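Take 1 as the starting number for the sequence shown in the numbering used here and just add one per residue. Glycine included, each C-beta is placed from N, C-alpha and C at the ideal position. Predicted, not measured: the structure shown is a model, and the values here were computed from it. Single-structure report; data block below.
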Amino acid sequence: MSDNIPLQPVRHKKIHDSKQRSGCCGCCCRGRDFKPRTVWLGHPEKREHKYPRNVINNQKYNFFTFLPGVLFNQFKYFFNLYFLLLACSQFVPDLRLGALYTYWAPLGFVLAVTIIREAVEEIRCYVRDKEVNSQIYSKLTTRGTVVVKSSNIQVGDLIIVDKNQRVPADMIFLRTSDKSGSCFIRTDQLDGETDWKMRLPVGCTQRLPIAADLLQTRSYVYAEEPNLDIHSFIGTFTREDSDPPVNESLSIENTLWASTVIASGTAVGVVIYTGKEMRSVMNTSHPKNKMGLFDLEVNCLMKILFVALVVLSLVMISLQHFRGRWYLHLFRFFLLFSHIVPISIRVNLDMGKMVYSLMIRKDSKIPGTLVRASTIPEQLGRISYVLTDKTGTLTKNEMQFRRLHLGTVSYGLDSMDEVESHVFSAYTQPPASQDKPPSTTPKIRKTVNVRVHEAVKAIALCHNVTPVYESHGPDSTDQAEAEQNYEDACRIYQAASPDEVSLVQWTECVGLTLVGRDQSSMQLRTPGGHILNFTILQVFPFTYESKRMGIIVKDESTGEITFYMKGADVVMTGIVQYNDWLEEECGNMAREGLRVLVVAKKSLTEEQYQDFETRYNQAKLSVHDRSLKVATVIESLEMEMELLCLTGVEDQLQVDVRPTLEMLRNAGIKVWMLTGDKLETATCTAKNAHLVTRNQDIHTFRTITNRGEAHLELNAFRRKHDCALVISGDSLEVCLKFYEYEFMELACQCPAVVCCRCAPTQKAQIIRLLQQRTRKLTCAVGDGGNDVSMIQAADCGVGIEGKEGKQASLASDFSITQFKHLGRLLMVHGRNSYKRSAALSQFVIHRSLCISTMQAVFSSVFYFASIPLYQGFLVIGYSTIYTMFPVFSLVLDKDVKSEVAMLYPELYKDLTKGRPLSFKTFLIWVLISIYQGGIIMYGALLLFDSEFVHAVAISFTSLILTELLMVALTIQTWHWLMIVAELLSLSCYIASLVFLHEFIDVYFIITLPFLWKVTVITLVSCLPLYVLKYLRRRFSPPSYSKLTS
């Protein structure tokens, strides 16, 4: 049994308002009033309300609603309903034009394809859900440990989850077998982040001798109402039977959300939310199905053809002078000319999209690429704007420590040996000089040696990194021995951010190594091998709002209590003591492309810490406004801190980012970079990646706060030409508030735009504004959870599976493994998909218009009679086995080789104007269809001798041959399957003539007159078009023909 089975991908934005419930899935939360709950440990029967069953259900339908639901979703569209009405009309005797199957068979085929596709998807969902719901877990009861299915777990149950097993429901973490007193969980199936996260059990339950003792206590959990926010939780744990009663606060660190996986030890938890109330289910949303611009254009053409159908029917009736029951004749003409609107176009295009998706997945040049939205591959061929994230997308998100700045002295990569020597000397001095507390020494200027030592020590202590020891041998004892001896070869670092790991790895390189950490202590090893022990008193994790993290530790050897903090310069500037170098040096390091952190510390006395701890614990026990009260208490410490150093970490560029950006630029695509990083860092990366070319100026939009400043800055920017724009998120917000139209107009003229300090919602807002103002297609590229809103808002969302996890990849339309693959995805697959679908749709329309023109000519000649020209199998066979394979083989056609398309991205420019499928090309194909249909019908009527059945044989054979020759005329690069399709269709027609004696005179078709008449008609209908194609190629060749010659 697999313990790590992914659920439906969670696609959501990070939400920090615990009361927000608008994104609940389906009907689970709609119209329902959620309330906080009290959950007694091990006593499900004491629950206050009836809670939902713990089942995962990702199916759209059930057994009874499947068929009605699928049919409703098909017939709610006008054209499908139109064809249904036409088919139903054949049950009326006065309206019947032939056999019922001539109308019901095509409609049935279209519905069958849809129903089968939906059924396959539903069965897959059912199997996946059943596998998840049938997973076996251990439950603690008064009778001992019993086995229970995931679907039978209830609120209040005590569940044991083993290592590498999926958490079955939302639980509060009570106990762990890990001796560190904590456990790690993997959350990539919940929030997309690949880094492990530490979780802490409730203190008083962890201290119980055995897990079975949980059932002997009178304890309960007070939990907030179910909501979407996976990043916070407010609750309390109360044990009534102890003296005095225990009351502990619960936060996100004490939770085990469903869909996470236990990565270390065994966990015991009490279930608080099940089924539809679980965080993962509430955040599971089905994003809106994106409808491509190409599909909208085809729908527009279908509406034009429908109008033509109505007009043609009215003309026929008017030429009859509305005699007799004219309304019946009008409806019969509707039926006769119904082929004008081809029912098969939707099926052909959908099958074409499936072929394009398969080609993308099978392309060995872009391995690992996935197509998650197979309905919009043509969009990739018409992109005008690419909006990309920076960290992890253009850069590798692999951090390398580059610089340590102390204000008066700076250390780069070439001088790290000096830092190492300072650290070494700090720990090899006589002990007397170290043991003296700092408060007793006179306030003198610290030496460089002391300052370097304090900075390195702060960096080695202020983080959320945990060293994990993994055995390399087959014996399980190796791991325990490695952990006991702190073996360097077996140690890896786990943290929520790659920045944190790079800082700890750097302190290891300069001599101060993090060798151990658990819930309450940390161990550092000095260059001499001595172990320093620190007690962790408090940890304040990093959040996107605070932009900083802090830790309070106590040195076991000296008893000193120190508060360390590190964070972004924008928040740390107001926290540290006044200095004259911080702002300038942060700017200088950011201009080098480094990510800057400010590190500071504050020494606390025992009395100061005790006072803080009392206020902090009281704030944590609050159920209302807990976050605000806790933040207020922490801020009371964050004053007048001693500035220790600045750290600079570099994020290196991804492979082939520069040539890919140059390719996009040459293809006429404008690239905008939207990032949450500092302005200087973003600007440096833009230059480094050649997003901004060497000969381009950069206009940095200065910080603005009101309408007047925005007006002045926009006027200054308006005077610059061919200039890249760099703007911060705050300034952007002001501009969009007062001068949205003017700003977007100027920004769209820029060759490149860089938006820094950009919030996730701003990224999505920029894309929506681009779509509204330019009416052009956008493509968003990102790799992190903060890019999901941007990816889902864009016309094409491309997710990169990277260091930040799979969240962007799961939410995207197309998933790639490297940014450089975007070039081939657009230049080759996007271009081919669009051109092939354009040719395919034009041919399906041509095929339908030809036979409709022939019907119109036939009715006109025979006194506007509403009688069908072809009946029975001839009508169905024409659009299926006789012409379907050659026409559909156009999805394999290509005008240039993929290598040429990559070498000359300028070929992509033509597609953004929509020329392959425009009103001009549509009109040309309409005229061709009318010409060919008219020639074939008039030719057959002129050349047939006596019996009308001969005219049917001549015209129908000429029609089939004309269609096959037109496909051959259109093909630019022959594929062996195309030749097979042509020969197969011709063979099918010839073979079927034996069975068509009801409609065609079999003896006539083997005579010489039949052959020369068909040949003449086919030549007259096709030869002029071959001549025109030659002349056009000769005197006005397309741009790509010069590259293929």
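Item: Run of the alpha helix (DSSP H) containing H846, from where it starts to where it stops; Value: 831-861
Item: Contact under 7 angstroms by Cβ, F237 with I252; Value: no
Item: Three-state class that DSSP yields for L693 in the structure shown; Value: The question names Leu, but residue 693 is Thr in the sequence shown. Reduced to three states, the DSSP call for T693 is coil.
Item: Outcome for D162 when other beta-carbon atoms lying within 10 angstroms are tallied against a minimum of 16; Value: exposed
Item: Closest Cα partner of L1046 within the set I185, T145, D229, V261; Value: Any question about residue 1046 goes unanswered here, given that the chain covers just 1 to 1045.
Item: Cβ-based burial, P1046 [other Cβ within 10 Å; buried from 16]; Value: There is simply no residue 1046 to check, as the chain begins at 1 and stops at 1045 in what is shown.
Item: Those runs of the beta strand (DSSP E) which lie wholly inside the segment 753-792 and span at least 3 residues; Value: 777-782
Item: Three or more C-beta pairs below 8 angstroms linking the segment 672-688 and the segment 905-919; Value: no
Item: Straight-line Cα distance separating I116 from N464; Value: 51 angstroms
Item: Residue-level contact to chain C via CB, E556, 7 angstroms cutoff; Value: In the displayed structure, chain C is absent; only one protein chain is listed.
Item: Among K806, A839, Q932, Y882, the one whose alpha carbon lies nearest that of L964; Value: Y882
Item: Proximity test, K130 beta-carbon vs the ligand ZN heavy atom, cut-off 6 angstroms; Value: Looking for the ligand ZN in the displayed structure turns up nothing, as the structure carries no ligands at all.
Item: Euclidean distance between Cα positions of L140 and K276; Value: 24 angstroms
Item: Limits of the unbroken beta strand (DSSP E) element including M171; Value: 170-176
Item: Bridge partners - G269, DSSP secondary structure assignment; Value: I159, F173
Item: Neighbourhood of I459 by C-beta distance below 7 angstroms, restricted to the same chain and skipping five residues each side; Value: L503, T507, V599, T647
Item: Rounded C-alpha distance that separates R382 from T260; Value: 39 angstroms
Item: Burial state of K446, where buried means 16 or more other Cβ atoms lie within 10 Å; Value: exposed
Item: C-beta contact flag for K390 and T685 at 7 angstroms; Value: yes
Item: Simplified DSSP state of T880, which is helix, strand or coil; Value: coil
Item: C-alpha distance - S1036 paired with L1025, whole-angstrom precision; Value: 15 angstroms
Item: Helix, strand or coil at N73 according to DSSP, with G and I counted as helix; Value: helix
Item: Pair within 7 angstroms by beta-carbon distance, Y908 and R831; Value: yes
Item: Neighbourhood of P733 by C-beta distance below 8 angstroms, restricted to the same chain and skipping five residues each side; Value: In the sequence as displayed, the identity of residue 733 is Glu instead of Pro. Excluding sequence neighbours, E733 sits near Q762.
Item: CB-CB length for I340 against A308, believed under 8 angstroms; Value: 6 angstroms
Item: Contact check, K601 vs Y564, beta carbons under 7 angstroms; Value: yes
Item: Three-state secondary structure assigned by DSSP to E556; Value: coil
Item: Stretch-stretch touch, CB-based, cutoff 8 angstroms, three pairs: the segment 721-732 with the segment 740-760; Value: yes
Item: Residues bridged to K197 [DSSP beta-bridge criterion]; Value: I185
Item: Residue environment, C779, which counts as buried when at least 16 other CB atoms sit within 10 Å; Value: buried
Item: Cβ shell of E454 (< 7 angstroms), same chain only, five flanking positions each side left out; Value: L644
Item: Nearest residue (CA-CA) to I936, options Q818, Q523, V952, V510; Value: V952
Item: Distance between beta carbons of F542 and S521, contact taken as under 8 angstroms; Value: S521 to F542, Cβ: 21 angstroms. No contact.
Item: Under the three-state DSSP convention, the category M673 falls into; Value: strand
Item: Anticipated Cβ contact below 8 angstroms, I800 with I816, distance rounded; Value: 6 angstroms
Item: 7 angstroms Cβ cutoff met for A981 and F885; Value: yes
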